[in-house]
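Residue numbers (numbering that gives the first Met the number 0): 0 to 129. For every residue, glycine included, the Cβ atom is placed at its ideal position computed from N, Cα and C. Encoded as structure tokens, the structure appears first; notes follow it.
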Amino acid sequence: MEIKKGAIRSPQKIEYHWDGATPRRNISRTIITWVTAISIWLIRKLRHFVNVVSFSIFVQNEDSRFLAASAMSEKMTPPENFVQMQTTTEATLNALTAEMNVFREASKKITEDNMKLMQEMKKLRKTLEE
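This is how it looks when you write it as structure tokens:
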């Protein structure tokens with residue numbers, strides 16, 4: 000670009016025509032640049048929003064899982080009266096087992112005595128038959 004002597008060019012025109020673009024082309028570039036910048040900003044905001052929404056859904060799912068787990072834990076944890084019943088039942092079973100052992104011993108003794116009596120009866124029968 001040649002500058003003639005005496006011709007005054009404004010800095011805008013020199014800067015404006017520096018790359019050889021027309022005013023319409025520069026406006027189009029500006030608009031496209033702004034649209035691109037706004038689109039990128041909007042995409043970032045939407046991604047952040049989607050991440051926040053999906054994170055809140057994740058938190059809700061985890062909360063519901065935690066509540067379900069705590070409810071199951073409460074159901075599986077024995078209450079105090081259950082523990083007391085269990086202790087009473089164990090004591091009763093131990094007492095019954097001890098009584099059954101005594102009964103077995105008595106039964107064995109009765110069986111032994113019965114065998115002795117049977118032998119005595121056989122001896123008596125033999126003596127009576129002779």
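- In the structure shown, the three-state DSSP call for Glu73 is helix.
- Between the C-alpha atoms of Ile109 and Phe102 there is a straight-line separation of about 10 Å.
- In this structure, the alpha-carbon of Ser69 lies about 37 Å from that of Lys44.
- Glu129 sits in coil when the DSSP states are folded into three classes, being neither helix nor strand.
- Distance from the CA atom of Met120 to the CA atom of Leu92, rounded to whole angstroms, is 41 Å.
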